[in-house]
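Using our numbering, the first residue of the first sequence is number 6, and each one after it goes up by one. Where is the CB? At the ideal position from N, CA and C, for every residue including glycine. In what follows, a single structure is set out as C-alpha cells and then discussed.
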Amino acid sequence: MSYDHRAIEAKWQKRWETESTFEVTEDPTRPKFYNVCMYPYPSGALHQGHIRNYTFGDLLTRYKTMRGFNVLSPMGWDSFGLPAENAAIESGAHPRINTESQIVTMTAQIKELGSMYDWTRELASHDPAFYRWDQWLFLELWDRGLAYKAEAPVNWCPKDQTVLANEQVIDGLCERCDTPVIRRNLAQWFFKITDYSDRLLADLEVLEDWPERVRTMQRNWIGRSEGAVFTIEIEGGGSFDVFTTRPDTIFGMTFCVLAPEHPLVEWLIAGGEHEAAVRDYVAASARISELERLAEGGKTGVFTGVYAINPVNEARVPIYVADYVLMGYGTGAIMAVPGQDQRDWEFARIHGLDIIRTVDPPEDWEGDAYLGDGPTINSGLLDGLYQDDAKRRIIEWLEERGIGKAEVTYRLRDWLISRQRYWGCPIPMINCPNCGLVPVPRDQLPVLLPEIEDYLPKGMSPLAADEDFVNTTCPLCDGPARRETDTMDTFVDSSWYYFRYADAHNDEAIFDPAKPAYWMPLDQYIGGIEHAVLHLLYARFITKFLYDIGLSTVEEPFTRLFTQGMITLGGSKMSKSKGNVVDPVGLFASHGADALRLFHLFIGPPPDDTAWNPNGVDGTRRFLERVWRTVTEDHIFADRAESAEDRELMGLAHRTVRKVTEDIDRFHFNTAVPALMILSNALADYVAGSPRKEVFDGVVTTLLLLLSPMTPHVAHELWERLGYGSMLATEPWPDWDESLAREETVTMVIQVNGKVRDRISVSSDIEPGEAERLALASEKARAWFDGGQVETVVARPPRLVNIVVG
RNA sequence: GCCGGAGUGGAGAAAUUGGCAAACUCGAUGGACUCAAAAUCCAUUGUCCGCAAGGGCUUGCGGGUUCGAGUCCCGCCUCCGGCACCA
C-alpha cells in the first residue's frame, strides 16, 4: 500500500485536537451552523450505523466550516437506561462502572474515525451535573400542572416483574423475554404532552425540511379526529358522555358500550342481576394480554342489564361492557351504530342486536356496515342530508339543547415517564403522610442516584429497598416522609440535551438562555428513523415548554432533520443476534478511517437502506491509493502553450466543484463521490500524457479541497506534502466559474422517429437551425429517412435532434 | 385493512427540467507485467440475432399522453416500513 493510514490518521487527529480546530464559541459576526448527530447510547463498540451517522455529520461540520459558518458540532452520551442495567445484571458489574468504561472505549473509537467535535461540551445523561437539570425541568413541569401522578393501565411483563414502555413492547410481547404483556393499573408519573397536541400537530407544517414520512408518522401518532361529544342519559338516573366522529349517524344507535375500565361500570351493575357476569368479564379482560384479546377474533362483551336513552329519538338501548372500547381514547364509552361502523356491526351480529341503516348505501352495496357518504335515512330531521350537512345540523341540534358540542379528540396519550428501574434519573418528589406529594426544593437538587448492590427488577423500583435513600423528611412539615423511588424514562434526558450543549458546564442553571438563543435551532439533526415518533415528538414538546417559560427563543428545535437508512447484510439489518455484523473498528486497522468513511458515503442514497458489500471498502481504498500516487509521484511537466486538453480538464474541475457542492447541499453524497472519482481518473490520464504544471496544481488543489470533508486525513496529508502551510480544514471551499465549467464540444444525438441513429460532436452553443441542418445532413440518419416524408424536426441543441418521418 | 416508500444489469447504484438508460464502484472473464504470486495496468461485461458491419428488445405488469416516458397520467402486481378494535 502506498500510504500508511495508521500514521497519518493518528497525526492529523492529534493536530486537530491540539489546535482546537473544531472548538467554537458564540460569534454574532458569523453565520452559525448547529449540527448534531443523535447522541449515542454507550454500548461499548461503534457499529456501522454509528459510522454512517458520524460520517454524514462530520462531512457537514467540515463542509460548513469551509463555507465560513461558525459550526457547533458537539457529542455526548445517552448513558442512562435499560441496556446498561441489563448488561450489569448479566455481568455483575455496576451499571456506572460499565457505562463509564464503555464511554472511554467509544470516545477513542469515535476519534479514530476522524470525526471532529467540540469535546469541551461533552455531556453524559448519567452525570449528576446533567440529570440535576432533568429534575429541575420536572419541577418546572410540576409547578405548571404538566407533571402529575395518576393511576393508569400500563404494560406489565409478568416474567420480568416490571412495567415496560410502549416502545419495549414488540407485537404484544416483552422485548427482553418474549412474554405476552398484560395491562395493569399502577400509579405512574406522566408529562401532559396532550396539552400540546394541537401545537405539535400544527407546527409539523412548518417543518418543511423534515422527511415527509416522519411528519406523516407524527401526524398519525397524534391522530386528530373531529367529531362531537354528547351526553347519554341512563334509564333510572345517571348519564355518561360519548365521543363520535359520526354524529350524523346518531339515529342508528342501537346500543352503547363502555370500556371495562370505565368508572361507571361498578355503579351501574351494583345489586343488579348481571353484576357477577360483568365483574367476571372486567376481571378477565384485565388479565389477558393485548395479543390474546385480538387473537380471540370475535368481539366479546356482556350486557349490564341497564338501558340508555338515545337523546334524539328517546329510543331505549342496552348498555354493554366490551373490551373493543378503550378507556384511553375519547371518553371510554361509545354510541354503537352497527349500520355505519364495522366493529359495531360485528358486535351486533354476535350478540343479536338491532341494526338500523341511517346512510343509504349504493344499490350494488353488498358489504356490512356502510362507511361511505350518501343521503341520510331513518333519521328524522337529518333525512336527505349528506354527511357534512347532517353533521353540522345535528351538532347544532345538540348544542341548542345543551346535550353536546363539536369536539376534537387526539389519539396521543400523556407521556408515561416513570420507570421501576434503577439506572435512571430519580424523580425529585417526596411522599409526606401529612402534606401529600411534595416537590424536592430546587436548592436540594440533585437527588442523587444511590450506589446500591441489588438492582434486579422486582416489580417496584430497586431504589425502594434502599432505606437510606427512601427515608427523608418532608420539606413542608419536617415530619418523616418517603422519597419517590421511580426513575425517569431516558427520553426525558434526550428531550433537551441539545440545549445543554450550548452551555454544558453551567452549575447555576439548566443553561444561560442567551447561549441557546445564539445556537438554536439545530440547523441539522441526523439520526436513525427509529426515533421518528418518540424522541422527536418528546423533544418538540419540551422545546415548546421551554419556549413557554421563556428559556427558548424557538418553538421547534430541529430545522432540518435527516434520517439515515440502515446497513443490511444478507437481506436483514446487521445485528448480533443475526450474526451478520461487520465490525467497523477492524476496518480502521485494515483499510483506514478514510476508506471506510468514503465507502459509507458512496454505498447508496443516504436516506435508503443499503446492502453492505464485503469488497466495497477495498474499492474506496484503491481509489485513495490512486489519488495518493497521482499527487505524490514525480511527473514530467511540459513547457507548452495551453491546449484544448488543458481546458477540458480544468473545465471538468469546475464542473466537479459545482456537482459536489450541489450534491452535498442536497445530501446526495453517493453521487458526489463518483464525481470525484471521475475527476481523479481524468487527472491520472492527464499526467500520463504531456501535463502542464499550472493545470496539474490547480486541479490537485481542487480535488483535495473537495475531498477534505470526506476523507480528511489523506486530504490533509497530501495538502501538507504539496507544501501548503495552511490547515486544509479551515481553507475556504472552492468556487466554480460557470463560463469555465462549460464544455466546449458535446455529443449531439440524432434520432429518427425517436431512435438514436447517429451521434456527432458539436459546439456546445450550437444554434437550433444549425443543429437541424447538421442532423438532416447526417449520412447515417439519412439511411433511415430517405424515401420518407420528413414531417417535423424537433431540435433541442446541443444535446438532441429528433427527425420525425411519416 | 389504512398510511408512507420502493421495484432499473451478476451486486450496490446513476440518470436536477420528459431528451444518448445503466455513470461510478464491486464482482466476473480475458490479457499485459512476473520464474510464480500479490499489487498494478489494459480490454470485455443488460439481453437476443449476426462471422462482422449492424440491428431488434430492455427500467415490476397492462394501458394512455407525447416527436420523445425510468421520469407524467390511469389500472394492477410484488416487496419494505409504520399504524392498526382510536369510535
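Secondary structure within the segment 402-485: the beta strand (DSSP E) runs of 3 or more consecutive residues, fully enclosed, are 409-415, 434-437, 441-444, 476-478 (chain order). K37 has N75 as its beta-bridge partners, per DSSP.
By the neighbour-count criterion, in which 16 or more other beta carbons inside 10 Å mark a residue as buried, E14 falls on the buried side.
Shown here for H279: same chain residues with a beta carbon closer than 8 Å to its own, the five before and five after excluded, namely V307, F308, T309, G310 in chain order. About 10 Å separates the CB atoms of D599 and H721; that is not less than 8 Å, and the two are not in contact. The continuous stretches of beta strand (DSSP E) do not include P773, which lies in the alpha helix (DSSP H) extending over residues 773-782.
Taking all protein chains shown into account, E561 has 16 or more neighbouring C-beta atoms within 10 Å of its C-beta and is therefore buried. Within its own chain, the residues whose Cβ lies closer than 6 Å to the Cβ of A313, once the five positions on either side in sequence are excluded, are I237, I239, C261, V322, I324, listed in chain order. Residue nearest to E405 within the set G344, V317, H540 is V317 (criterion: CA-CA distance). Inside the segment 563-631, DSSP marks whole alpha helix (DSSP H) runs of 4 or more residues at positions 589-595, 598-607, from first to last along the chain. Put simply, the backbone Cα of G533 is about 8 Å away from that of G54. Counting only runs of 4+ residues, the alpha helix (DSSP H) found wholly inside the segment 251-286 occupies 269-274, in chain order. Within the same chain, Cβ atoms closer than 6 Å to the Cβ of R487 are found at N436, V475, the five residues on either side in sequence being excluded. Excluding the 5 residues flanking it on each side, Y122 has same chain C-beta neighbours closer than 7 Å at F27, S78, P79, M80, in chain order. When rounded, the separation of the alpha-carbon atoms in P714 and T112 is 20 Å. Here D346 is buried: its Cβ has 16 or more other Cβ atoms, across all protein chains shown, within 10 Å. Using a Cβ-Cβ distance cut-off of 8 Å, the segment 44-64 and the segment 565-582 are in contact, since at least three pairs of beta carbons, one from each stretch, lie closer than that value.
Collapsing the DSSP output to three states places F235 in a strand. Setting aside the 5 residues that flank it on each side, W124 has no residue in the same chain whose C-beta is closer than 6 Å to its C-beta. The continuous stretches of alpha helix (DSSP H) do not include M753, which lies in the beta strand (DSSP E) extending over residues 750-757.
Rounded to the nearest whole angstrom, the C-alpha separation of K664 and A658 is 10 Å.
Of the candidates S7, R762, I115, the residue whose Cα lies closest to the Cα of E22 is I115.
Collapsing the DSSP output to three states places T707 in a helix.
Counting of Cβ neighbours within 10 angstroms places V757 among the buried residues, the total reaching 16 or more. Distances from the alpha-carbon of P343 to those of Y375, L781, G333, A320 put Y375 closest. In this structure, the beta-carbon distance from T414 to A395 does not fall below 8 Å. For V719, the enclosing alpha helix (DSSP H) begins and ends at 717-726. Between P268 and P451, the alpha-carbon positions lie close to 38 Å from each other. Between the segment 510-521 and the segment 452-468 there are fewer than three C-beta pairs closer than 8 Å, too few to call the two in contact. In this structure, DSSP gives Q166 a state outside helix and strand, which the three-state scheme calls coil. Between the segment 187-198 and the segment 151-167, the count of C-beta pairs closer than 8 Å reaches three or more; the two stretches touch.
Around the beta-carbon of D83, 16 or more other beta-carbon atoms lie within 10 Å, marking it buried.
Inter-segment contact for the segment 324-336 and the segment 272-288 is present: three or more beta-carbon pairs are separated by less than 8 Å. H356 and A341 have their C-alpha atoms spaced approximately 13 Å apart. In the structure shown, the three-state DSSP call for M340 is strand. Per the coordinates, the alpha-carbon of L745 lies some 8 Å from the alpha-carbon of R652.
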